[in-house]
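Student: Here you go, one structure.
In our numbering, the protein residues as written are 183 to 711.
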């Protein structure tokens, strides 16, 4: 049960990536649009002060802000696509149709029962306009709920087919037919139930925000600490895109979530000071400064004969973390060999947010230095306080360096360059890449044998779902006892088989995408996204 729960949560976290990863792109383009309309910048750069560039900036930022007011449908479609086991395009289209059915069903039921508010302003009523339809204000949770339900119905009925005259009603069309009454009943139920949940969510948000810096510290620490489980997205996403991260009216539009508010305030030149809720997105200190100090400490504590190799590994990893905010190569280098360092890293990450809050800094750098420049410099010092952000970052660079260096020496921790004799000097990801390459070469030499893979997994009837990560084919089976590990390893090119109850992971390395496509095609699962 624990494995199934973890597997389900990880699958959901992975599905959240689809809508979440597109939103920073919108934020960056809003920042670029804001550059062309920033009065302070236009005074200094004369050639930008013309109707063409200012008009372009206004259109760019104004059009993209509309994404923030329609997060419900974006999450609905994205999550449905992410959770669909097959025919993902159809799942996304059905999710969009289902979203329209739901909001109109709720609006009609609220009208019939007399609970639909009639007035000029909906603020404080618990109701809002979604795609021109007045319903209960469920925020991004509406998209999450509908996306999950659509995916569940889709996965259960997508293979349903009929004969004769009813043939056209099979597949995705039957999914939509089943979904309609489900969504109508859900709209009726949530009309009564959601206000209770909303009060609970608002209460939780109030509790966290009223706990002040402790709540912020806990948030920042868990956001890092849960990385090994892949569930850290479930920590920060609600704060970035729901009322847990704050509620703010910007330009006459009521927005929820720290990142939504931040992007909207970037595009609105009338905003003089960024709101406090933005602090929930200030996740860049450890990425841009802290882990660089950790890398320096690990390099200096490497054995003399290993320093050259340690330098060659740590410098690219440090640059990647600083510039692009990709921290996993560094974190994985000590996460497993020295878990105490990862715990300290998580604590310092949470502490950095508290310090930024204490100094009233509103600058953010969620994805490294490039984001830091694009997000903060156009807004100026008054709005963001970005110079103080850099000062705080330098302090945490020193803290990471001192603490990591002291503990590595005190406890003789086996970080990069301090491995026992005969051990390899490389990042976890480097070793993994080598294994991926070897596995991929082996599969390439043998060729992808989908029929043999399926047979070794117990046959068609034994397989319930097929997925893949970067190196592994992840298969859920009905009976794990039917899986033939020796066949998978000796005849299909797999370098390893990992069993976790009914979840089977077959290591195919860099060729895993080709293996997945071939297996899907053999099973008739269609194209994958």
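Ideal placement from N, C-alpha and C gives every residue a C-beta, glycine not left out.
1) On a Cα-Cα basis, can you pick out the residue from 460, 550, 483 and 457 that is closest to residue 469?
2) Just mark residue 531 as buried or exposed, buried being the case when its beta carbon has 16 or more other beta carbons within 10 Å.
3) For residue 307, decide whether its Cβ has a neighbour in chain D, counting only Cβ atoms nearer than 9 Å.
4) Cβ of residue 301 within 9 Å of Cβ of residue 307?
5) Check this for me: beta carbons of residue 449 and residue 254, under 9 Å apart or not?
6) What number of angstroms, rounded off, separates the C-alpha of residue 500 from the C-alpha of residue 425?
7) Throw me the rounded Cβ distance for the residue 333 and residue 261 pair, which I believe falls under 8 Å.
8) DSSP state of residue 451, grouped into three classes?
9) Ends of the alpha helix (DSSP H) at residue 265?
10) Apart from the five residues just before and just after residue 554, which ones in its own chain have a Cβ nearer than 8 Å to its Cβ?
11) Output the distance between the C-alpha atoms of residue 596 and residue 520, rounded to the nearest integer angstrom.
12) Kindly provide the ranges of any beta strand (DSSP E) runs that are 3 or more residues long and lie completely inside the stretch 433-499, ordered along the chain.
13) Could you check the C-alpha separation between residue 628 and residue 586 for me, to the nearest Å?
14) Based on DSSP bridge pairs, tell me the residues matched to residue 678.
15) How far does the alpha helix (DSSP H) with residue 227 in it reach, from first residue to last?
16) What residue range is occupied by the uninterrupted beta strand (DSSP E) comprising residue 658?
17) Skipping 5 residues on each side, what residues in its chain have a beta carbon closer than 6 Å to that of residue 313?
18) Around the Cβ of residue 455, are there at least 16 other Cβ atoms within 10 angstroms (buried) or fewer (exposed)?
19) Are residue 295 and residue 304 touching if we call contact CB-CB under 9 Å?
20) Please return the same chain residues whose Cβ sits closer than 7 Å to the Cβ of residue 437, not counting the five positions on each side in sequence.
21) Leaving out five residues on either side along the sequence, give the residues of the same chain with a beta carbon under 7 Å from the beta carbon of residue 274.
22) Looking only at C-alpha atoms, which of 633, 473, 706 and 342 sits nearest to residue 577?
23) According to DSSP, simplified to helix, strand and coil, what is residue 611?
24) With DSSP collapsed to three states, give me the class of residue 393.
25) Specify, as a first and last residue, the run of the alpha helix (DSSP H) that residue 322 falls within.
26) Tell me where the beta strand (DSSP E) around residue 650 begins and ends.
27) What do you get for residue 557, buried or exposed, if any count of 16 or more other CB atoms within 10 angstroms of its CB means buried?
28) Could you give the residue range of the alpha helix (DSSP H) that holds residue 669?
29) Do you know whose CA, among 211, 224 and 225, lies nearest residue 714's CA?
30) Going by Cα to Cα distance, which pick from 509, 668 and 536 is closest to residue 400?
31) Where residue 323 and residue 271 are concerned, what is the direct C-alpha to C-alpha distance, given to the nearest angstrom?
Tutor: Reading from the atomic positions:
1) For the purposes of this step, residue 469 is taken as residue 287 along the chain shown, with counting starting at 1. Comparing Cα positions, the closest option is 550.
2) Taking the first residue of the chain shown as 1, we reach residue 531 at position 349. Buried, since its Cβ has 16 or more Cβ neighbours within 10 Å.
3) Considering every chain present, this structure includes no chain D. It has just one protein chain.
4) Taking the first residue of the chain shown as 1, we reach residue 301 at position 119. Taking the first residue of the chain shown as 1, we reach residue 307 at position 125. Yes, Cβ-Cβ distance for residue 301 and residue 307 is below 9 Å.
5) Sequence index remark: in the chain shown, residue 449 carries index 267 (1-based). Sequence index remark: in the chain shown, residue 254 carries index 72 (1-based). Cβ atoms of residue 449 and residue 254: not closer than 9 Å.
6) Position 318 of the chain shown, counting from 1, holds the residue named residue 500. Position 243 of the chain shown, counting from 1, holds the residue named residue 425. Those two C-alpha atoms are separated by around 34 Å.
7) Taking the chain shown and counting its residues from 1, one reaches residue 333 at position 151. Taking the chain shown and counting its residues from 1, one reaches residue 261 at position 79. Rounded, the Cβ-Cβ distance is 7 Å, consistent with contact.
8) Counted from its first residue, the chain shown places residue 451 at position 269. Looking at residue 451 - three-state DSSP - the assignment turns out to be coil, as it is neither helix nor strand.
9) The count along the chain shown starts at 1 and reaches residue 265 at position 83. From DSSP, the alpha helix (DSSP H) with residue 265 extends over 253-265.
10) Taking the first residue of the chain shown as 1, we reach residue 554 at position 372. 466, 470, 545, 546, 547, 568 and 571, listed in sequence order.
11) Position 414 of the chain shown, counted from the first residue, corresponds to residue 596. Position 338 of the chain shown, counted from the first residue, corresponds to residue 520. C-alpha separation (whole angstroms): 7 Å.
12) 435-438
13) Locating residue 628 in the chain shown gives position 446, where the first residue counts as 1. Locating residue 586 in the chain shown gives position 404, where the first residue counts as 1. Confidence at residue 628 is low in this model, with a pLDDT of 45, below 50, so its placement is unreliable and the value that follows should be read with caution. Cα to Cα, the separation comes out at about 46 Å.
14) Position 496 of the chain shown, counting from 1, holds the residue named residue 678. Its beta-bridge partners are 689.
15) In the chain shown, residue 227 corresponds to position 45, counting from 1. Residue 227 -> no alpha helix (DSSP H), and no H or E assigned at all.
16) In the chain shown, residue 658 corresponds to position 476, counting from 1. Where residue 658 is concerned, the enclosing beta strand (DSSP E) stretches over 654-659.
17) One-based indexing of the chain shown puts residue 313 at position 131. Taken in chain order, the list of residues that qualify is empty.
18) Translated into the one-based positions of the chain shown, residue 455 becomes position 273. The residue is exposed, with fewer than 16 neighbouring Cβ atoms inside 10 Å.
19) Reading the chain shown from its first residue, position 113 is the one you call residue 295. Reading the chain shown from its first residue, position 122 is the one you call residue 304. In this structure, residue 304 does not lie closer than 9 Å to residue 295 by Cβ.
20) On the chain shown, position 255 is the one that residue 437 refers to. The answer, listed in chain order, is 250, 430, 443 and 446.
21) Position 92 of the chain shown holds residue 274. Correct list, in chain order: 259, 262 and 263.
22) For the purposes of this step, residue 577 is taken as residue 395 along the chain shown, with counting starting at 1. Selected option, being the one with the closest Cα: 473.
23) For the purposes of this step, residue 611 is taken as residue 429 along the chain shown, with counting starting at 1. Confidence in residue 611 is poor, its pLDDT being 48 and thus under 50, which makes the residue's placement unreliable; the coordinate value appears in the next sentence. Helix.
24) Here residue 393 refers to the residue found at position 211 of the chain shown. Coil at residue 393, not helix or strand.
25) As a first step, residue 322 must be located in the chain shown, where it is residue number 140. It spans 322-339 - the alpha helix (DSSP H) in which residue 322 sits, taken as one unbroken run.
26) Along the chain shown, read from residue 1 onward, the residue named residue 650 stands at position 468. Looking at the DSSP string, the run of the beta strand (DSSP E) that includes residue 650 is 645-650.
27) Working through the chain shown from its first residue, we reach residue 557 at position 375. So residue 557 counts as buried.
28) One-based indexing of the chain shown puts residue 669 at position 487. From DSSP, the alpha helix (DSSP H) with residue 669 extends over 667-673.
29) Outside the modelled stretch of the chain, which goes from 183 to 711, sits residue 714, for which no answer is possible.
30) Working through the chain shown from its first residue, we reach residue 400 at position 218. The shortest C-alpha to C-alpha distance from residue 400 to any of 509, 668 and 536 is the one to 536.
31) For the purposes of this step, residue 323 is taken as residue 141 along the chain shown, with counting starting at 1. For the purposes of this step, residue 271 is taken as residue 89 along the chain shown, with counting starting at 1. Approximately 22 Å, taken between the alpha carbons.
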